[in-house]
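Structure, as structure tokens:
In full-length UniProt numbering, the protein residues as written are 1 to 325.
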């Protein structure tokens, strides 16, 4: 909770145990927290040095400092440090922009070699994003699987808009639907394409990471502001417009649908329709949703009857128009 203020987990644990009591000795805290008396005494002295506690007379008891005072002081110091870092970053960014006109092609395209270096720059790119992260996710995935990416999830929690275009082949991997559903629940937007030309990550439309070969571990290039970056951004936007949105729940309030009709369309129906629209076969959809192909076909027939559709193409058109997808 208070790592950003310079407290480690043990110091925080001791302070939180001390706050709700009038005072406590190292011996008493050692029993409550399952520590040795020596460890409890060392931790109490450490939080005392942070101004979070004070020894009461000669009794050996420690009393917690008021949180608004003790933690408030640490917050002020942290804010000041962050402000200075922000000002320093802004000044460096201005110098970088001023020098960009004089940069050579080699300065605008940085080559990164080796799996560790590529992974590090990939993580840096996501951590630096302030407003938007865009990505092409192609098969096979390397280094960091598209569904197992802590830096991406942290960016989503910061409010960074996440838009991913995923190759359809990846949806057929075991557990892919569960992974995608968790990502979308965290705020990510996912669209599906039959194929994508390259692997790509774009941060705030100001920097891109592009692997040099299908095996991303061999190396990648980091592209800074340039016409090449503009082309990569335009490529993403064009592919996004053509890709199929992945949906797991029915939309509401769309024109062309009735409440009675919409109430008959379940979330499972929406998953089935969404996957079929990406080009997956009945068998592949059934495998992902842990259903039989016969169940998938029967439910599609029922949806066609509900929509008054004679073909699956008409069903897809009606589903979109009626707000099912």
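Every residue gets a Cβ at the ideal spot worked out from N, C-alpha and C, and that includes glycine.
Heavy atom of the ligand GDP within 7 Å of residue i beta-carbon
i	result
residue 192	As far as ligands go, the structure on display features none, and thus does not contain the ligand GDP.
Per-residue burial, residue i [other beta carbons within 10 Å of its own, 16 or more giving buried]
i	result
residue 177	buried
residue 120	exposed
residue 83	exposed
residue 269	buried
residue 45	exposed
residue 9	exposed
residue 274	buried
residue 247	buried
residue 243	buried
residue 188	buried
residue 197	exposed
residue 313	exposed
residue 174	exposed
residue 276	buried
residue 183	buried
residue 220	buried
residue 238	exposed
residue 170	buried
residue 209	buried
residue 311	exposed
residue 231	exposed
residue 85	exposed
residue 91	exposed
Of the listed residues the options, nearest to residue i (C-alpha basis)
i	options	result
residue 323	296, 266, 284, 294	266
residue 222	320, 111, 187	111
residue 168	79, 154, 190, 159	190
residue 77	313, 66, 51, 56	51
residue 152	186, 320, 245	186
residue 241	225, 199, 37, 193	193
residue 113	212, 307, 234	212
residue 233	56, 199, 278	199
residue 19	264, 27, 47	47
residue 264	140, 299, 294	299
residue 66	183, 21, 238, 292	21
residue 225	16, 88, 49, 108	108
residue 140	290, 231, 195	195
residue 218	302, 231, 118, 32	118
residue 291	116, 33, 272	272
Close Cβ partners of residue i (< 6 Å) along its chain, the five nearest in sequence each way excluded
i	result
residue 54	63
residue 252	Reliability fails at residue 252, whose pLDDT of 48 lies under 50, so the model's placement of it is uncertain and the value that follows must be treated cautiously. If we look at residue 252 and ignore the five residues flanking it on each side, it has no Cβ neighbours.
residue 161	132
residue 60	25
residue 278	168, 192, 244
Beta bridge counterpart(s) of residue i as assigned by DSSP
i	result
residue 56	61
residue 165	136, 191
residue 113	219
residue 210	221
residue 245	191
residue 201	135, 209
residue 24	62
Residues near residue i in its chain [Cβ-Cβ closer than 7 Å; skip 5 each side]
i	result
residue 304	315
residue 134	163, 202, 236
residue 43	10, 11, 14
residue 309	315, 318
residue 123	151
residue 158	none
residue 255	The pLDDT assigned to residue 255 is 41, lower than 50, so where the model puts this residue is not dependable, and the model offers no usable value.
residue 282	293, 296, 297
residue 229	208, 223
Same chain, Cβ closer than 8 Å to residue i, neighbours up to 5 away in sequence not counted
i	result
residue 172	280, 284, 287, 288
residue 155	126, 127, 129, 133, 162
residue 30	36, 37, 39, 40
residue 295	286
residue 181	248
residue 56	23, 62, 63
residue 33	13, 14, 17, 40
Are the region 124-136 and the region 200-216 in contact at 8 Å, needing three or more beta carbon pairs? Yes: the two stretches touch, three or more of their Cβ pairs being nearer than 8 Å.
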